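Chains as they are written, first to last, in our numbering: chain A, 34 to 268; chain B, 224 to 522. Backbone N, C-alpha and C fix where the C-beta goes; we use that ideal spot for every residue, glycine too. Just so you know, these numbers come straight off a predicted model, no measurement behind them.
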Amino acid sequence: MNAISPDITFDLAGTSLRELNAALHAATGESNARRWRVLNPNGRHAVAVGINAPLTVEIEGHVGYYCAGMNAEASVIIHGNAGVGLAENMMSGFVHVRGDASQAAGATGHGGLLVIDGNASARCGISMKGIDIVVKGSVGHMSAFMGQSGSLIVLGDAGEALGDSLYEAKLFVRGSVKSLGADCIEKELRDEHKALLAEKLKAAGLEGTVDVAEFKRYGSARQLYNFHVDNASAY
Amino acid sequence: MCGIVGLFLKDPKLEGELGAMLASMLCVMTDRGPDSAGFAVYGSGAKEKVKLSLRAAASYDFEALASGLSLPAAGLPGLAVRGTHAIVEIPAAREAAVRAFLKERHPEVAIVGTGERMEIFKEVGLPASVAQTFGLSGMRGTHGIGHTRMATESAVTTAGAHPFSTGADQCLVHNGSLSNHNALRRALKREGIAIETDNDSEVAAGYLTWRMRQGASLGQALEAGLNDLDGFFTFVVGTENGFGVLRDPIACKPAVMAETDQYVAFGSEYRALVDLPGIAKARVFEPEPATVYFWERAQ
Chain A
34 MNAISPDITF DLAGTSLREL NAALHAATGE SNARRWRVLN PNGRHAVAVG
84 INAPLTVEIE GHVGYYCAGM NAEASVIIHG NAGVGLAENM MSGFVHVRGD
134 ASQAAGATGH GGLLVIDGNA SARCGISMKG IDIVVKGSVG HMSAFMGQSG
184 SLIVLGDAGE ALGDSLYEAK LFVRGSVKSL GADCIEKELR DEHKALLAEK
234 LKAAGLEGTV DVAEFKRYGS ARQLYNFHVD NASAY
Chain B
224 MCGIVGLFLK DPKLEGELGA MLASMLCVMT DRGPDSAGFA VYGSGAKEKV
274 KLSLRAAASY DFEALASGLS LPAAGLPGLA VRGTHAIVEI PAAREAAVRA
324 FLKERHPEVA IVGTGERMEI FKEVGLPASV AQTFGLSGMR GTHGIGHTRM
374 ATESAVTTAG AHPFSTGADQ CLVHNGSLSN HNALRRALKR EGIAIETDND
424 SEVAAGYLTW RMRQGASLGQ ALEAGLNDLD GFFTFVVGTE NGFGVLRDPI
474 ACKPAVMAET DQYVAFGSEY RALVDLPGIA KARVFEPEPA TVYFWERAQ
């Protein structure tokens, strides 16, 4: 259990998920009910999706698929693991999972910050469009596949085909990278990138705990942006 | 889509609860697979005896069948009827003769599995009704696997329900679809592996049986499967004393595991595990793609 003293508590052992999500959708953040606690999520899908207000929601346990999807403005903290599609298509706000995340965490996210304390599975940040993702553990294969904007920061290792068919997302990995995907290359880590890393790590609560110089930067070689017949075998 | 579950007990104190735990896990997976359901349970067994898991039409007279079995000097076979299935226990030495007798005289009866300890039950319908029909929650044992099926590669029939068993005390449940099952089925048949259905998952079971028949351990057979099985799969397999999990390298099909001092549990989703004892303190993890996991109990 965490330390917040909630304004509202939803116990999903006795209340339906639909009621919780309807109440979260109705909340504006202008009333006193800004701090929410959710008990007994028990792996349910679509917990706290579609919030569009500056609320803080703490979920006490493991969640299933698509938790905190489409989030805007809210802070959603999961005291457990999260299933497939965590914070999918997040627009803004903050999502923090204290355990591991399954596949496609942060997929297609347009903005906001996703922090994963444990490991993220395959395709973390697939098609990311502006979201910042900080993974304290490792990420699985094909992470940041077709990433377009935003940053993926991995303190551990990355699996196969990191950044496959990458556009302009910025990838930083401190540990090893099993392999790079098509058109993804290692790039120089310049001062501006160190500054960016420091800023994102600070936002993730890691200020002063990680040396930004330990990371390697990866990005797009920009060879596959437009079809060119000489590259046909690389697509 | 399909839902799969598995439970391997480390703590003998839980053995009386195995069926109840498995039943609850299976029912949660209904919305991943409402077409059919099935399960295998590894309960007690006797040396020199073998259990045949038989399936027939509703209200079939298994007692008449059992009394018709010729078992010189062994008396009548052990018989336990559960719905459309019956477990017949016979001397292991008589297995070939009994199989031949069933094939010739009772073609209306299907043998869905054999082994010293394994019993298999499967039927079309919702998982809750399948579990209830066969009395799963009252069963005891050391480990078991279960499946809720959303049919993709072959028809909704009882024969197409999982688990599939192609060797003594061996069974497999599968979520996914294999793309090279036809070629593999032909190759395995040439090797003498009996495959009864058009189901791709039965081919996977047959493949592992073939590997283990060649002397591979369960872990080695699963490792070899990574090279020879093409397609999407999450497998959970049982042997007389073992329990294994394997996902293909792409790992499209979901899997969550939990381990405590008392058990190892598998579910397609975490929801399937939430009622297990001590789950709040279990190590919950997602099995890595292309990585073999298996546990064995001391013989």
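Taking 8 Å as the cut-off, does the region 468–482 of chain B touch the region 509–518 of chain B (at least 3 CB pairs, one atom from each stretch)? By the criterion of at least three beta-carbon pairs nearer than 8 Å, the region 509–518 of chain B is in contact with the region 468–482 of chain B.
Given V264/B as reference, the closest of L241/B, V273/B, P257/B once Cα atoms are compared: Mapped onto the second sequence, residue 264/B falls at position 41. Comparing Cα positions, the closest option is L241/B.
Does any C-beta atom of chain B lie closer than 7 Å to the C-beta of N114/A? Residue numbering aside, residue 114/A sits at position 81 when the first sequence is read from its first letter. Using beta-carbon distances, N114/A counts as an interface residue toward chain B, with a partner under 7 Å.
Please list the segments of the beta strand (DSSP E) lying wholly inside the region 76–103 of chain A, counting only runs of 3 or more residues, in order along the chain. For the region 76–103 of chain A, whole beta strand (DSSP E) runs of length 3 or above, ordered along the chain, are 89–93.
Which residues of chain B have a Cβ atom closer than 9 Å to the Cβ of H129/A, listed in chain order? Along the first sequence, one-based indexing puts residue 129/A at 96. None at all; the shortest Cβ gap to chain B is about 18 Å.
Using a cut-off of 7 Å between C-beta atoms, extract the partners of V507/B located in chain A. Translated into the one-based positions of the second sequence, residue 507/B becomes position 284. Chain-ordered, the chain A residues with CB closer than 7 Å to the CB of V507/B read H95, N114.
Can you confirm whether A297/B, when its beta carbon is compared against all beta carbons of chain D, has any partner nearer than 7 Å? No chain D appears in this structure, whose protein chains are A and B.
Unbroken beta strand (DSSP E) runs of length 3 or more, entirely within the region 288–355 of chain B: which are they? Complete beta strand (DSSP E) runs here, min 3: 301–305, 308–314, 333–338, 341–347.
N54/A - DSSP class collapsed to helix/strand/coil: Residue numbering aside, residue 54/A sits at position 21 when the first sequence is read from its first letter. Three-state result, N54/A: helix.
Terminal residues of the continuous beta strand (DSSP E) containing L72/A? Position 39 of the first sequence, counting from 1, holds the residue named residue 72/A. Annotation for L72/A: the continuous beta strand (DSSP E) segment containing it runs 68–72.
Neighbour-count burial assignment, K270/B, 16 or more Cβ in a 10 Å radius: Here residue 270/B refers to the residue found at position 47 when the second sequence is read from its first residue. Answer is exposed; the Cβ neighbour count stays below 16.
Check whether the Cβ of A155/A lies closer than 7 Å to any Cβ atom in chain B. Position 122 of the first sequence, counted from the first residue, corresponds to residue 155/A. For A155/A, the nearest CB of chain B lies under 7 Å from its own CB, placing it at the interface with that chain.
Measure how close the beta-carbons of S182/A and E201/A come, nearest whole angstrom, since I'm counting them as under 8 Å. Your numbering for residue 182/A matches position 149 in the first sequence. Your numbering for residue 201/A matches position 168 in the first sequence. For a cut-off of 8 Å, the C-beta gap from S182/A to E201/A is around 5 Å, short enough to register as a contact.
Taking all protein chains shown into account, do 16 or more other C-beta atoms lie within 10 angstroms of the C-beta of N450/B, making it buried, or fewer, making it exposed? Your numbering for residue 450/B matches position 227 in the second sequence. Exposed: under 16 other Cβ atoms inside 10 Å.
Option in E331/B, P314/B, T253/B, E446/B with minimal Cα separation from L288/B: For the purposes of this step, residue 288/B is identified with residue 65 of the second sequence, where counting begins at 1. Among E331/B, P314/B, T253/B, E446/B, the Cα nearest to that of L288/B is on E331/B.
Kindly say whether N75/A, judged by its beta-carbon, lies nearer than 7 Å to any beta-carbon of chain B. Here residue 75/A refers to the residue found at position 42 when the first sequence is read from its first residue. Residue contact with chain B for N75/A: present (Cβ-Cβ distance below 7 Å to some residue of chain B).
Measuring straight from C-alpha to C-alpha, what distance separates D421/B and G113/A? As a position in the second sequence, residue 421/B is number 198, starting the count at 1. As a position in the first sequence, residue 113/A is number 80, starting the count at 1. Approximately 41 Å between the Cα atoms of the pair.
For the region 216–227 of chain A against the region 182–201 of chain A, do three or more pairs of beta-carbon atoms, one drawn from each stretch, fall closer than 8 Å, so that the two count as touching? At 8 Å Cβ cutoff, the stretches touch.
Please report whether the beta-carbon of S135/A lies at a distance below 7 Å from any beta-carbon of chain B. Within the first sequence, numbered from 1, the residue matching residue 135/A stands at position 102. Taking 7 Å as the CB threshold, S135/A lines the interface with chain B.
Rounding to the nearest angstrom, what Cα-Cα distance links K233/B and F489/B in this structure? For the purposes of this step, residue 233/B is taken as the residue at position 10 of the second sequence. For the purposes of this step, residue 489/B is taken as the residue at position 266 of the second sequence. Within the model, the alpha-carbon separation for K233/B versus F489/B is close to 14 Å.
Close Cβ partners of R328/B (< 7 Å) along its chain, the five nearest in sequence each way excluded: Translated into positions along the second sequence, residue 328/B becomes position 105. A distance below 7 Å between beta-carbons, with the five flanking residues on each side excluded, links R328/B to no residue of its chain.
Any chain A beta carbon closer than 7 Å to E492/B: Position 269 of the second sequence, counting from 1, holds the residue named residue 492/B. E492/B counts as touching chain A.
Rounded C-beta distance between A194/A and M175/A? I'm assuming under 8 Å. As a first step, residue 194/A is located in the first sequence; it is residue number 161 there, counting from the start. As a first step, residue 175/A is located in the first sequence; it is residue number 142 there, counting from the start. Right, their Cβ atoms sit about 5 Å apart.
Run through DSSP, which three-state label would V245/A get? Within the first sequence, numbered from 1, the residue matching residue 245/A stands at position 212. Here V245/A sits in helix by DSSP.
If you measure from the CB of A246/A, is any heavy atom of the ligand SAM nearer than 6 Å? You won't find the ligand SAM in this model; it holds no ligand whatsoever.
Take the Cβ of S293/B as the centre, count every other Cβ of all protein chains shown within 10 Å, and call the residue buried at 16 or more, exposed below. Sequence index remark: in the second sequence, residue 293/B carries index 70 (1-based). The residue in question, S293/B, is exposed, as its Cβ has fewer than 16 Cβ neighbours within 10 Å.
How far does the beta strand (DSSP E) with G229/B in it reach, from first residue to last? Position 6 of the second sequence, counting from 1, holds the residue named residue 229/B. Where G229/B is concerned, the enclosing beta strand (DSSP E) stretches over 226–232.
Contacts around A101/A, its chain only, beta-carbon distance under 6 Å, and the 5 residues preceding and following it disregarded: Position 68 of the first sequence, counted from the start, is the residue given in the question as residue 101/A. Around A101/A: A81, V109, A120, V128.
State yes or no: is the beta carbon of A427/B nearer than 7 Å to at least one beta carbon in chain A? The residue given as residue 427/B occupies position 204 in the second sequence. Not closer than 7 Å to any Cβ of chain A, the Cβ of A427/B fails to qualify, so no.
Taking the DSSP output, what are the residues bridged to S108/A? In the first sequence, residue 108/A corresponds to position 75, counting from 1. Per DSSP, T89/A, F127/A.
Against H174/A, what residues of chain B qualify as contacts under a CB-to-CB distance less than 9 Å, listed in chain order? For the purposes of this step, residue 174/A is taken as the residue at position 141 of the first sequence. Chain B residues near H174/A: P472, I473, A474, P512.
Take the Cβ of D258/B as the centre, count every other Cβ of all protein chains shown within 10 Å, and call the residue buried at 16 or more, exposed below. Translated into the one-based positions of the second sequence, residue 258/B becomes position 35. Burial of D258/B is indicated by the presence of at least 16 other C-beta atoms within 10 angstroms of its C-beta.
Nearest CA to the CA of V335/B: which residue from G348/B, S388/B, A374/B, E286/B? On the second sequence, position 112 is the one that residue 335/B refers to. Nearest C-alpha to V335/B among G348/B, S388/B, A374/B, E286/B: S388/B.
Please report how far the alpha carbon of A177/A lies from the alpha carbon of R68/A, in whole angstroms. Counting from one through the first sequence, the residue named residue 177/A turns up at place 144. Counting from one through the first sequence, the residue named residue 68/A turns up at place 35. Rounded to whole angstroms, A177/A to R68/A spans 32 Å at the Cα level.
Considering only their Cβ atoms, is the gap separating P74/A from R45/A smaller than 7 Å? Numbered from its first residue, the first sequence carries residue 45/A at position 12. Numbered from its first residue, the first sequence carries residue 74/A at position 41. The sequence as given places Leu at residue 45/A; Arg does not occur at that position. Contact: yes.
State buried or exposed for D165/A, treating a residue as buried only when at least 16 other CB atoms are found within 10 Å of its CB. Against the first sequence, residue 165/A aligns to sequence position 132. With 16 or more other Cβ atoms within 10 Å, it is buried.
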